[in-house]
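To start, the structure under review is shown below, and the notes come after it.
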Amino acid sequence: MDHLRNHVAAMPERRYCDTHGEYQSHHLIGSVWSKCRKCEEERRASELQAEADRTVKAIREKQQARLGQAAIPKRFIGRTFDNFEAVTPNQRAALTLPVSTPSSSTSMQQPVRG
Ligand SMILES: [Zn+2]
3 MDHLRNHVAA
13 MPERRYCDTH
23 GEYQSHHLIG
33 SVWSKCRKCE
43 EERRASELQA
53 EADRTVKAIR
63 EKQQARLGQA
73 AIPKRFIGRT
83 FDNFEAVTPN
93 QRAALTLPVS
103 TPSSSTSMQQ
113 PVRG
């Protein structure tokens, strides 16, 4: 078991990162050694950045949704009864219009085709 103990107590090694050059690798466990710290930091930073971007995007979308809602006249926000009332006159007007059957539309709304 002495060789295992030696392995666990391995001293940091100088290793080489393709991106950052030499770095000190620390023995973690078994055959696992720490990777280039700068690479790890960059990876973590990019993850944090991505998460921050997502958060900012979510906040912007919420704000835009709120702004979009603010652009709608108040009477249309959460007041379905008013909304319904606003539609009703149109519906009534539509009902009072001549019924647009083919015969009536040609006689009343369009010049009779010769
Ligand atoms: Zn690196």
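First residue of the sequence shown: 3, per the numbering used here; consecutive thereafter. Using N, Cα and C, we set each Cβ at its ideal position, and we do this for glycine too. Predicted, not measured: the structure shown is a model, and the values here were computed from it.
Report yes if the CB atom of residue i is closer than 8 Å to the CB atom of residue j, and no otherwise.
i	j	result
residue 35	residue 48	no
residue 41	residue 22	yes
residue 25	residue 39	yes
Buried or exposed: where does residue i fall if 16 or more other Cβ atoms within 10 Å of its Cβ makes it buried?
i	result
residue 18	exposed
residue 15	exposed
Out of the options, which has the shortest C-alpha to C-alpha gap to residue i?
i	options	result
residue 20	14, 59, 31, 37	37
residue 33	51, 62, 12	12
Quiz item: For ligand 1, which residues have a Cβ under 6 Å from at least one heavy atom, in chain order?
Solution: That query returns the following residues: 19, 21, 22, 38, 40, 41.
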